[in-house]
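FYI, the numbering for the sequence shown is 2 to 163, going by this note's numbering.
Cβ atoms here follow ideal geometry from the backbone N, Cα and C, with glycine treated the same way.
No experiment lies behind these values; they were computed from the predicted model shown.
Read the structure below first, then the notes.
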Amino acid sequence: MLAAVSMWLVSVAVVLLLTETSSGQSFRSDAEILAYLNAVDRECMIWSCRNAINRVDPGGNLDLNCSIIGVVWSYTWQFKGREIASYVGETTTVIDENRYEVSVTPHELDRIRYYSYWRDVRFTIKRASHPGDSGVYNFTISHFRGDCQEMNIYVDLAGATR
2 MLAAVSMWLV
12 SVAVVLLLTE
22 TSSGQSFRSD
32 AEILAYLNAV
42 DRECMIWSCR
52 NAINRVDPGG
62 NLDLNCSIIG
72 VVWSYTWQFK
82 GREIASYVGE
92 TTTVIDENRY
102 EVSVTPHELD
112 RIRYYSYWRD
122 VRFTIKRASH
132 PGDSGVYNFT
142 ISHFRGDCQE
152 MNIYVDLAGA
162 TR
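Listed below in structure tokens is the structure:
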């Protein structure tokens with residue numbers, strides 16, 4: 002009987018955690034991130050990513066921002082089916098450093114503490130004002146056990162001029 006009550010309490014806690022996180026609330030700790038990933042049977046996932054960008058101010062940099070949670074072994078950025086940046090293990094590779102830049106930082110918990118299992122990934126397109134920079138950018142993450150997820154980000158710079 003005690004085991005059944007204990008299992009019920011665990012399932013209620015998981016439901017509350019899933020409800021809280023899916024409604025846009027932040028995680029309060031790395032332990033909550035790991036519990037959430039365990040509840041959804043994932044090693045890692047893209048937590049947030051703006052999926053459509055329409056900007057017309059010419060000449061500036063354009064940032065594509067995504068947040069990832071869990072243990073991510075690798076990620077890639079692709080544009081029109083071509084890999085333009087990747088990260089594997091501890092090595093980041095950018096195909097054209099004059100055009101693109103990637104930064105990965107721990108997500109801030111508060112002003113002095115950071116998460117270990119939540120990262121913010123920023124992909125910068127330098128001087129993104131040419132309509133040729135418009136199109137679908139694909140962000141894919143994976144875990145070394147094969148768990149992966151991807152997100153398409155649609156960029157429309159058709160109104161931009163150099």
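Could you name the residues that DSSP lists as bridge partners for residue i?
{"i": "Ala-86", "result": "Trp-78, Val-95"}
{"i": "Asp-157", "result": "Asn-55"}
{"i": "Val-137", "result": "Tyr-155"}
{"i": "Ile-142", "result": "Tyr-76, Gln-150"}
Using CA atoms only, rank isn't needed, just tell me which of the options is closest to residue i.
{"i": "Tyr-138", "options": "Glu-151, Trp-48, Arg-128", "result": "Glu-151"}
{"i": "Phe-140", "options": "Arg-29, Ser-27, Gly-82", "result": "Gly-82"}
{"i": "Arg-146", "options": "Ile-113, Asn-153, Val-73", "result": "Val-73"}
{"i": "Asp-97", "options": "Val-89, Ile-85, Asp-64, Pro-107", "result": "Ile-85"}
I'd like the span of the beta strand (DSSP E) that includes residue i, first residue to last.
{"i": "Ile-70", "result": "63-71"}
{"i": "Glu-109", "result": "101-109"}
Looking only at its chain, what residues have a beta carbon closer than 6 Å to the beta carbon of residue i, apart from the 5 residues adjacent to it on each side?
{"i": "Asn-62", "result": "Thr-125, Lys-127"}
{"i": "Asn-66", "result": "Arg-123"}
{"i": "Arg-100", "result": "Lys-127"}
For residue i, which residues of its own chain have a beta-carbon under 8 Å away from its beta-carbon, when the five flanking residues on both sides are left out?
{"i": "Ala-159", "result": "Pro-132, Ser-135"}
Can you round the beta-carbon distance between residue i and residue j to whole angstroms, since I take them to be within the 8 Å contact cut?
{"i": "Glu-44", "j": "Gly-71", "result": "5 Å"}
{"i": "Ser-75", "j": "Asp-121", "result": "Rounded, the Cβ-Cβ distance is 17 Å, inconsistent with contact."}
{"i": "Ile-34", "j": "Tyr-118", "result": "4 Å"}
What first and last residue would you give for the alpha helix (DSSP H) that runs through residue i?
{"i": "Asp-121", "result": "Run containing Asp-121: none in the alpha helix (DSSP H); it sits in the beta strand (DSSP E), 115-126."}
{"i": "Asp-42", "result": "Looking at the DSSP string, Asp-42 is not in any alpha helix (DSSP H), and its letter there is neither H nor E."}
Please go through the same chain and pick out, in chain order, the residues whose beta-carbon is closer than 7 Å to the beta-carbon of residue i, but skip the five residues on each side of it.
{"i": "Cys-149", "result": "Thr-141, Ile-142, Ser-143"}
{"i": "Asn-55", "result": "Asp-157"}
{"i": "Ser-165", "result": "A question about residue 165 goes unanswered here, because the residues of the chain that appear run from 2 up to 163."}
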